[in-house]
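*Asks:*
Number of protein chains: 2
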Amino acid sequence: MKDIDIIKLKETILDDNDADAEVLRQELKSQKTCLLNLMSSPGSGKTTTLLALNKAFEGRLKWGVMEADIDSDVDAYTMQAAGVPAIQLHTGGMCHLDADMTRQGIRAFGRDDLDLIVLENIGNLVCPAEFDTGAAINMTILSVPEGDDKPAKYPLMYEVADVMVVNKIDALPVFDFNKERMEGYVRKLNPEMKLFYISAKTGEGVKELADYLVERVKGWNE
Amino acid sequence: MKDIDIIKLKETILDDNDADAEVLRQELKSQKTCLLNLMSSPGSGKTTTLLALNKAFEGRLKWGVMEADIDSDVDAYTMQAAGVPAIQLHTGGMCHLDADMTRQGIRAFGRDDLDLIVLENIGNLVCPAEFDTGAAINMTILSVPEGDDKPAKYPLMYEVADVMVVNKIDALPVFDFNKERMEGYVRKLNPEMKLFYISAKTGEGVKELADYLVERVKGWNE
Numbered sequence: 342m343k344d345i346d347i348i349k350l351k352e353t354i355l356d357d358n359d360a361d362a363e364v365l366r367q368e369l370k371s372q373k374t375c376l377l378n379l380m381s382s383p384g385s386g387k388t389t390t391l392l393a394l395n396k397a398f399e400g401r402l403k404w405g406v407m408e409a410d411i412d413s414d415v416d417a418y419t420m421q422a423a424g425v426p427a428i429q430l431h432t433g434g435m436c437h438l439d440a441d442m443t444r445q446g447i448r449a450f451g452r453d454d455l456d457l458i459v460l461e462n463i464g465n466l467v468c469p470a471e472f473d474t475g476a477a478i479n480m481t482i483l484s485v486p487e488g489d490d491k492p493a494k495y496p497l498m499y500e501v502a503d504v505m506v507v508n509k510i511d512a513l514p515v516f517d518f519n520k521e522r523m524e525g526y527v528r529k530l531n532p533e534m535k536l537f538y539i540s541a542k543t544g545e546g547v548k549e550l551a552d553y554l555v556e557r558v559k560g561w562n563e
Numbered sequence: 342m343k344d345i346d347i348i349k350l351k352e353t354i355l356d357d358n359d360a361d362a363e364v365l366r367q368e369l370k371s372q373k374t375c376l377l378n379l380m381s382s383p384g385s386g387k388t389t390t391l392l393a394l395n396k397a398f399e400g401r402l403k404w405g406v407m408e409a410d411i412d413s414d415v416d417a418y419t420m421q422a423a424g425v426p427a428i429q430l431h432t433g434g435m436c437h438l439d440a441d442m443t444r445q446g447i448r449a450f451g452r453d454d455l456d457l458i459v460l461e462n463i464g465n466l467v468c469p470a471e472f473d474t475g476a477a478i479n480m481t482i483l484s485v486p487e488g489d490d491k492p493a494k495y496p497l498m499y500e501v502a503d504v505m506v507v508n509k510i511d512a513l514p515v516f517d518f519n520k521e522r523m524e525g526y527v528r529k530l531n532p533e534m535k536l537f538y539i540s541a542k543t544g545e546g547v548k549e550l551a552d553y554l555v556e557r558v559k560g561w562n563e
């Protein structure tokens with residue numbers, strides 16, 4: 342096969358966000374709040390997964406959600422209707438949250454009594470991976486219809502996440518999704534990745550994910 | 342229902358990309374090249390749609406593809422294997438292409454004999470919408486599994502695109518996807534949007550899209 346020309350375009354420079362994120366992480370640790378940064382493509386099922394987790398937590402955690410969106414506020418209303426304290430963050434067009442924006446959100450939320458705050462980041466596999474939000478847990482969702490090759494194409498996301506959820510497994514019969522190939526890409530990027538297969542729609546696999554998260558949150562808040 | 346607190350975080354400022362894009366658009370017009378900027382979430386089926394279009398063009402266009410990816414080069418090989426001239430652009434982690442990066446790509450491609458150059462942008466519903474690449478046609482793909490609410494959540498994409506392709510319609514029976522609701526969101530943002538329903542996998546609807554694009558390209562290059 343003929344070689345492909347590969348052109349490297351200019352690179353962006355990241356700022357001092359990493360240091361700021363580390364400060365926020367320690368602030369949250371000292372007030373016994375575990376922040377979970379939830380990242381995925383648009384439409385992978387972030388909100389649906391949170392609704393499924395809410396049931397599966399079975400009251401074991403006091404938790405709330407910060408919904409980050411460019412413009413809409415439908416997700417925050419959805420979470421609130423399910424009895425989960427929720428706040429809506431509008432990023433003014435920005436494609437990700439950095440540590441300072443996350444801090445602004447947490448202050449506005451004003452709930453230092455929660456064991457767990459989930460930041461539902463902007464639906465985007467690229468930019469959120471570049472910006473440490475100060476979270477103790479970085480969780481990414483890949484839905485089956487997106488394809489098994491996403492870890493190869495958006496590698497940074499799978500390097501920075503420590504928990505990966507494969508969602509919409511009820512749709513596996515309809516799509517060409519090779520679990521082994523997907524896991525091969527992920528393990529190469531991140532051998533320690535904690536991997537869960539779920540259907541937020543049918544509930545399959547959600548209990549295992551919820552149990553794991555409850556333990557992670559308790560460990561962080563000890 | 343209780344109101345949700347909405348916090349406006351800081352906004353980014355766009356640069357003079359728009360002016361640069363307009364210059365590039367006129368340069369391409371004068372050399373009779375139509376540039377199509379193809380945007381979508383990761384996994385919506387951009388490359389599969391291009392492969393389906395290649396068959397449906399039936400030789401009516403001389404065309405080529407610039408595959409923009411953060412790191413991989415699998416898409417450019419896929420297009421080349423199908424007989425389509427292709428070049429791979431690596432963005433060095435960047436989440437979108439701007440007009441200057443697009444110009445770098447077109448120069449490196451070095452094919453001023455093509456009627457149509459497709460820029461397959463980074464899989465991202467947010468950032469590519471903010472940066473005019475100089476394209477004559479801005480096309481976005483929404484796949485059925487992503488959900489009918491994406492235009493409400495990522496409005497800018499549906500404002501800047503003039504052609505919208507709803508892909509994976511073969512999966513409509515498996516997902517809760519309300520066409521009327523989706524079209525309602527889109528028409529509100531962009532009453533002029535040209536809308537096509539296709540399955541790049543089965544070929545359904547692809548001929549209509551191909552016929553339309555052939556006419557658009559001919560019109561531009563006249």
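The listed protein sequences correspond, in order, to chains X and B. Whatever position you read off the first sequence (first residue = 1), add 341 for our numbering. Whatever position you read off the second sequence (first residue = 1), add 341 for our numbering. Glycine residues also receive a C-beta, built at the ideal position from the N, C-alpha and C atoms. Here the structure is a predicted model, which means the values were calculated and not measured.
How would you write the range of the alpha helix (DSSP H) that X/N531 sits in, first residue to last?
*Replies:* Start at 1 with the first residue of the first sequence, and residue 531 of chain X comes out as number 190. From DSSP, X/N531 is part of no alpha helix (DSSP H); its letter is neither H nor E.
*Asks:* Short of 7 Å in beta carbon distance, which residues of its chain neighbour B/G544, apart from the five on each side in sequence? Order them along the chain.
*Replies:* What you label residue 544 of chain B is simply residue 203 of the second sequence in a count that begins at 1. Correct list, in chain order: A393.
*Asks:* Under DSSP, the beta strand (DSSP E) around B/N395 begins and ends at which residues?
*Replies:* The count along the second sequence starts at 1 and reaches residue 395 of chain B at position 54. Element bounds for B/N395: not the beta strand (DSSP E) but the alpha helix (DSSP H), 387-398.
*Asks:* I'd like the span of the alpha helix (DSSP H) that includes B/Q367, first residue to last.
*Replies:* Translated into positions along the second sequence, residue 367 of chain B becomes position 26. Element bounds for B/Q367: 358-371.
*Asks:* Verify the CB distance criterion: does X/A541 have a CB-CB separation below 9 Å to chain B?
*Replies:* As a working note, residue 541 of chain X is residue 200 in the first sequence. No, X/A541 does not count as interfacial toward chain B.
*Asks:* For B/V515, go through chain X and note every residue whose CB falls closer than 7 Å to its CB, in chain order.
*Replies:* The count along the second sequence starts at 1 and reaches residue 515 of chain B at position 174. What B/V515 touches in chain X: A512, V515.
*Asks:* What do you get for X/E408, buried or exposed, if any count of 16 or more other CB atoms within 10 angstroms of its CB means buried?
*Replies:* Sequence index remark: in the first sequence, residue 408 of chain X carries index 67 (1-based). Buried: at least 16 other Cβ atoms inside 10 Å.
*Asks:* If distances are taken between C-alpha atoms only, which option among B/G488, B/I463, B/E549 comes closest to B/L379?
*Replies:* The residue given as residue 379 of chain B occupies position 38 in the second sequence. The residue with the shortest Cα to Cα distance from B/L379 is B/I463.
*Asks:* Under 9 Å, Cβ to Cβ, is there at least one residue of chain X near B/V507?
*Replies:* As a working note, residue 507 of chain B is residue 166 in the second sequence. No, no contact with chain X.
*Asks:* Can you list, in chain order, the residues of its chain with a C-beta nearer than 6 Å to that of X/R366? Leave out the 5 residues immediately preceding and following it.
*Replies:* The sequence position of residue 366 of chain X within the first sequence is 25, counting from 1. Only G475 meet the Cβ criterion.
*Asks:* Do X/V485 and X/L513 have their CB atoms nearer than 9 Å?
*Replies:* Here residue 485 of chain X refers to the residue found at position 144 of the first sequence. Here residue 513 of chain X refers to the residue found at position 172 of the first sequence. In this structure, X/L513 lies closer than 9 Å to X/V485 by Cβ.
*Asks:* Check for me: the beta strand (DSSP E) holding X/A409 runs from which residue to which?
*Replies:* The residue given as residue 409 of chain X occupies position 68 in the first sequence. X/A409 -> beta strand (DSSP E) spans 404-410.
*Asks:* Listing by chain order, which chain B residues have their CB less than 7 Å from the CB of X/I482?
*Replies:* Position 141 of the first sequence, counted from the start, is the residue given in the question as residue 482 of chain X. The contacting residues do not exist; X/I482 stays about 12 Å from chain B at best.
*Asks:* Please work out which residues of its chain come closer than 6 Å, Cβ to Cβ, to B/N395, disregarding the five sequence neighbours upstream and downstream, and give them in chain order.
*Replies:* For the purposes of this step, residue 395 of chain B is identified with residue 54 of the second sequence, where counting begins at 1. So the list reads A423, V425, once near-sequence residues are dropped.
*Asks:* Let me know if B/S382 comes out buried or exposed under the rule of 16 or more other beta-carbons within 10 Å of its beta-carbon.
*Replies:* In the second sequence, counting from the first residue as 1, residue 382 of chain B sits at position 41. Result: buried.
*Asks:* Inspect the beta-carbon positions of B/M435 and B/L466 and report whether they are closer than 9 Å.
*Replies:* Stepping through the second sequence from its first residue, residue 435 of chain B is reached at position 94. Stepping through the second sequence from its first residue, residue 466 of chain B is reached at position 125. No. Outside cutoff.
*Asks:* Using only the alpha-carbon positions, how far apart do X/S371 and B/R528 sit?
*Replies:* Here residue 371 of chain X corresponds to residue number 30 of the first sequence, with the count starting at 1. Here residue 528 of chain B corresponds to residue number 187 of the second sequence, with the count starting at 1. Whole-angstrom Cα-Cα distance: 49 Å.
*Asks:* Between the Cα of X/K494 and those of B/K403, B/T432, B/F450, B/V515, spot the shortest distance and give me the residue it belongs to.
*Replies:* Residue numbering aside, residue 494 of chain X sits at position 153 when the first sequence is read from its first letter. Per the Cα distances, B/T432.
*Asks:* Within its chain, find whatever has a CB closer than 7 Å to the CB of X/A628; leave out the 5 residues flanking it on each side and keep chain order.
*Replies:* It is not possible to answer for residue 628 of chain X, since the shown part of chain X is limited to 342 through 563.
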